[in-house]
Amino acid sequence: MSKQPLILVRPYTPTDMAILEQSYDVHRLWEASDKVSFLRAVGPGVRVLATDGEHGADAATMDLLPDLELIASFGVGLDAIDLAHARHRNIRVTHTPDVLTEDVADMAVGLLLACARRIPQCDSYVRQGRWPEGGPGLTTRVWGKRVGILGLGRVGRAVARRAEAFRLDVAYHDRCRFDDVPYRYFDDVVALAAEVDFFVICASADADTRGLIGKAVLDALGRDGMLVNVGRGAIVDEPVLLTYLRERLLAGAALDVFHNEPDIAQEFRELDNVILQPHQASATRETRTAMGALVRENLSAYFAGRPLLTEVAVATR
0 MSKQPLILVR PYTPTDMAIL EQSYDVHRLW EASDKVSFLR AVGPGVRVLA
50 TDGEHGADAA TMDLLPDLEL IASFGVGLDA IDLAHARHRN IRVTHTPDVL
100 TEDVADMAVG LLLACARRIP QCDSYVRQGR WPEGGPGLTT RVWGKRVGIL
150 GLGRVGRAVA RRAEAFRLDV AYHDRCRFDD VPYRYFDDVV ALAAEVDFFV
200 ICASADADTR GLIGKAVLDA LGRDGMLVNV GRGAIVDEPV LLTYLRERLL
250 AGAALDVFHN EPDIAQEFRE LDNVILQPHQ ASATRETRTA MGALVRENLS
300 AYFAGRPLLT EVAVATR
């Protein structure tokens, strides 16, 4: 029996690649020098596009695949997928929620601690042989302070649970108030920033959140405030953030996500009050294994005509 074809936008882990290629006829889009010609050549008859949260699938890509019925994404974020066009084309979409929640929350808290206690900077201080000069200076306490969370979804709630262990006072902003949590709700993101010491972004990027964290929010957070982002880079007005970090209008930031990954703004690398991560929040062996398995389970379900496990509500069929 011939294998079902699918187009893969970028390589998955070596283990996932080996398993996929055992089961499917995998067309490697990232290896094509002319991607448009490649899609036009192999696209007819291909019903599945496998991608990830960073590369997604835009309308132009979808329209080069006349028989496309499913986009399966290795990741939870959906901002790189044109969901409106998927709906228009009646293309179903799956992603990998839940399996990465706890690791992303771990990273958020790790970044908060690293930023407040200046852990990377102090490590560098010791490695440079500067300890004999004296201590590197005082840092900021975490326990017992106030944290604001933007986006109280799966990750936001997991961050809040961890924050409680540090006796942090937790508050949040989301599109609506949730009755099943004890945390203070703010219907205005600026008001939330004004009432916290640490501001953690856990939201997804969409029309409502793009560029949301700019001058007004950072002014409210203040010179002693700190920003952590494990959501999406597009939520932050990066030129404004860079100005506030450079001019010390914000105490610090710890960022796992950026606008133009991996080609981030050079100035981020030059500032000593920002901690940088290469979008690593879900990058543990355990979580990436679970994400790959969930992608394959959705593919198997689709080709077998069974209900998809983690379908995004975009298609009309």
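According to numbering that gives the first Met the number 0, the stretch in the sequence shown is residues 0 to 316, in order. Beta carbons are placed, not taken as given, at the ideal position from N, Cα and C, and that holds for glycine. Computed from a prediction, not measured in an experiment: that's the story for all the values here.
* Asked: Does any C-beta atom of chain B lie closer than 8 Å to the C-beta of Ala215?
  -> Protein chains in the displayed structure number just one, and chain B is not present.
* **Length of the line joining the Cα atoms of Asn228 and Ala85** => For the purposes of this step, residue 228 is taken as residue 229 along the sequence shown, with counting starting at 1. For the purposes of this step, residue 85 is taken as residue 86 along the sequence shown, with counting starting at 1. Cα to Cα, Asn228 sits roughly 28 Å from Ala85.
* To do: Take every Cβ of the stretch 244–258, pair it with every Cβ of the stretch 103–115, and state whether three or more of those distances are shorter than 8 Å.
  => yes
* Please classify Cys114: is it buried, with 16 or more other beta-carbons within 10 angstroms of its beta-carbon, or exposed? => Stepping through the sequence shown from its first residue, residue 114 is reached at position 115. By the 10 Å Cβ count, Cys114 comes out buried.
* Please confirm whether any heavy atom of the ligand PLP lies closer than 7 Å to the CB of Ser22. => Ligands in the displayed structure: none, and consequently the ligand PLP is not present.
* Confirm, please, whether the CB-CB distance from Val294 to Thr95 is below 8 Å. => Your numbering for residue 95 matches position 96 in the sequence shown. Your numbering for residue 294 matches position 295 in the sequence shown. Contact: yes.
* What's the call for Thr315, buried or exposed, on a 16-neighbour Cβ count within 10 Å? -> For the purposes of this step, residue 315 is taken as residue 316 along the sequence shown, with counting starting at 1. The predicted position of Thr315 is uncertain, since its pLDDT is 47 and thus under 50; a value taken from the coordinates is nonetheless stated next. Looking at its Cβ environment, which holds fewer than 16 other Cβ atoms inside 10 Å, Thr315 is exposed.
* **Meets three-Cβ-pair contact criterion under 8 Å: the stretch 233–241 and the stretch 174–189** => no
* Length of the line joining the Cα atoms of Arg176 and Gln279 -> On the sequence shown, position 177 is the one that residue 176 refers to. On the sequence shown, position 280 is the one that residue 279 refers to. Between Arg176 and Gln279, the C-alpha separation is close to 30 Å.
* Have a look at Pro10 and Gly291 and give me their C-alpha separation to the nearest angstrom. => On the sequence shown, position 11 is the one that residue 10 refers to. On the sequence shown, position 292 is the one that residue 291 refers to. Rounded to whole angstroms, Pro10 to Gly291 spans 11 Å at the Cα level.
* Nearest-angstrom Cα separation, counted from Ser299 out to Asp102 -> Counting from one through the sequence shown, the residue named residue 102 turns up at place 103. Counting from one through the sequence shown, the residue named residue 299 turns up at place 300. Taking the straight line from one Cα to the other gives about 26 Å.
* **CA-to-CA distance, Arg247 to Arg140, given in whole angstroms** => Here the question's residue 140 lines up with position 141 in the sequence shown. Here the question's residue 247 lines up with position 248 in the sequence shown. Their backbone Cα atoms lie some 19 Å apart in a straight line.
* For the putative contact between Gly52 and Val25, defined by C-beta atoms under 8 Å, what is the C-beta separation to the nearest angstrom? -> To locate residue 52, count along the sequence shown from 1; it is residue 53. To locate residue 25, count along the sequence shown from 1; it is residue 26. 19 Å between Cβ atoms; not a contact.
* Could you name each continuous alpha helix (DSSP H) segment of 4 residues or more that falls completely within the stretch 33–58, going from the start of the chain to the end? => 34–41
* **Assigned exposure category for Asn259 - 16 Cβ within 10 Å defines buried** => Along the sequence shown, one-based indexing puts residue 259 at 260. Per the 10 Å Cβ criterion, exposed.
* Report yes or no: do the stretch 146–162 and the stretch 189–206 share at least 3 C-beta pairs separated by less than 8 Å? => yes
* To do: Let me know the alpha helix (DSSP H) ranges lying completely inside the stretch 58–140, each 4 residues or longer, listed in chain order.
  => 58–62, 82–88, 100–116, 118–126
* alpha helix (DSSP H) segments (min. 4 residues) lying fully within the stretch 198–240 -> 214–220
* Paired residues, beta bridge with Gly251 - DSSP -> The residue given as residue 251 occupies position 252 in the sequence shown. Paired residues: Met225.
* Assigned secondary structure, Val294 (DSSP; H/G/I helix, E/B strand, else coil) -> The residue labelled residue 294 in the question sits at position 295 within the sequence shown. Helix at Val294.
* **Bridge partners - Asp196, DSSP secondary structure assignment** => Within the sequence shown, the letter at position 197 stands for residue 196. Per DSSP, none; premise fails for Asp196.
* Return the residue from the list Glu20, Leu112, Ile90 that minimises the CA-CA distance to Pro4. => Walking along the sequence shown from the start, residue 4 turns up at place 5. It is Glu20.
* Considering only residues of the same chain and omitting the five flanking positions on each side of Val216, which have a CB-CB separation below 7 Å? -> Here residue 216 refers to the residue found at position 217 when the sequence shown is read from its first residue. Only Val188, Val189, Ala192 meet the Cβ criterion.
* May I ask you to report which of helix, strand or coil DSSP gives Asp15? => Within the sequence shown, residue 15 is the residue found at index 16, counting from 1. Asp15 falls in the helix class under three-state DSSP.
* Helix, strand or coil: how does DSSP classify Glu260 here? -> Position 261 of the sequence shown, counted from the start, is the residue given in the question as residue 260. Three-state result, Glu260: coil.
* Assumed close pair Asp66, Arg39 - CB separation to whole angstroms, cut-off 8 Å -> Taking the sequence shown and counting its residues from 1, one reaches residue 66 at position 67. Taking the sequence shown and counting its residues from 1, one reaches residue 39 at position 40. Not really, about 13 Å apart at Cβ, beyond 8 Å.
* Pick out whichever of Leu249, Thr208, Arg209, Lys214 has its Cα sitting closest to the Cα of Leu226. => Taking the first residue of the sequence shown as 1, we reach residue 226 at position 227. Checked all of Leu249, Thr208, Arg209, Lys214; the closest Cα to Leu226 is Leu249.
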